[in-house]
Ligand code: 1GP
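So, in structure tokens, the structure goes:
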């Protein structure tokens, strides 16, 4: 089984090399948008691209992945919002179980539906403990998943949940406030999860500045995901580029 994307995330995490992922929403990813995004973010040394969304309307996942594969040699990883977001053109898929929920469909139902389709592809499958954390207001992810996020001030619940995921064999922990989150994940919550688990930690949701990126890294995030802010702020790539080169 192919494990190259996971191995690269683990080995960078072990070396303390902080990784940056860009989340692409296929609904917003015209060819020209992707071309511009790749050009603007080239100085950032992006480590991987995530593609997917809690709700896709007119976007085309496969087309977005194909275009990205033409534009970058970095891994393109599906971050599926549902069991039909599978495309063999990607390098890997985060096989998510929404451990913060008590919704059986998000914990195991969708995974059973997706598994036989994934089996027919050469996708690298990365088992991921996925935790939604309350970010101040409902997000598309919390609404569509019909689940309550973990309260942001309950770091011990997040840490215990992440540890349970690790004990169940999950390879990565993803702490997500949801795309466009009002508040990013509190640093003390990331720290607590870091204290409890030794899987790589991905953090995303509402990160809009270099300072927030740095705080997430300092708290123990190995990979930080930014999506919404790149769509809304033209200057962000420049701001992050100076931060990334100063901290490389
Ligand atoms: C959302 O973690 C990702 O699932 C990224 O969030 O779009 O707010 O950057 P943003």
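In my numbering, the protein residues as written are 163 to 410. Heads up, the beta-carbon is just placed ideally off N, CA and C, and yes, glycines get one too.
Q. Does the Cβ-Cβ distance between residue 368 and residue 345 come in under 9 Å?
A. In terms of Cβ geometry, residue 368 and residue 345 form a close pair [threshold 9 Å].
(Q) Does residue 248 come out as helix, strand or coil in the three-state DSSP assignment? (A) Shown here, residue 248 sits in coil according to DSSP, grouped into three states, outside any helix or strand.
Q) Is there at least one non-hydrogen atom of the ligand 1GP closer than 8 Å to the beta-carbon of residue 168? A) No, since every heavy atom of the ligand 1GP falls outside the 8 Å radius drawn around the Cβ of residue 168.
Q. Could you check where the alpha helix (DSSP H) with residue 284 kicks off and where it finishes?
A. For residue 284, there is no enclosing alpha helix (DSSP H), since its DSSP letter is neither H nor E.
Q.
Rounded to the nearest angstrom, what separates residue 275 and residue 356 at their Cα positions?
A. Rounded to the nearest angstrom, the two C-alpha atoms are 32 Å apart.
(Q) Measuring alpha carbon to alpha carbon, tell me which residue in 394, 243, 389, 350 is nearest residue 208. (A) Minimum Cα distance to residue 208 is reached at 389.
Q. In terms of alpha-carbon separation, which member of 206, 241, 266, 233 lies closest to residue 218?
A. Residue 241 is the option with its Cα nearest to residue 218.
Q. CA-CA distance, residue 406 and residue 197?
A. For the pair residue 406 and residue 197, the Cα-to-Cα distance works out to about 21 Å.
Q. When every heavy atom of the ligand ADP is checked, does at least one fall within less than 8 Å of the C-beta of residue 223?
A. Absence of the ligand ADP from the depicted structure is noted, with the ligand 1GP being the only ligands included.
Q. Expressed to the nearest angstrom, what Euclidean distance is found between the alpha-carbon atoms of residue 238 and residue 188?
A. Counting only the Cα atoms, residue 188 lies some 13 Å from residue 238.
Q) Can the beta-carbon of residue 366 be found less than 9 Å from the beta-carbon of residue 327? A) No.
Q. Identify the residues that DSSP records as bridge partners of residue 365: which are they?
A. 337, 386, per the DSSP bridge assignment.
Q. What's the call for residue 270, buried or exposed, on a 16-neighbour Cβ count within 10 Å?
A. Result: exposed.
Q. Residue 208 by DSSP, collapsed to three states: which one?
A. For residue 208, the three-state secondary structure derived from DSSP is coil.
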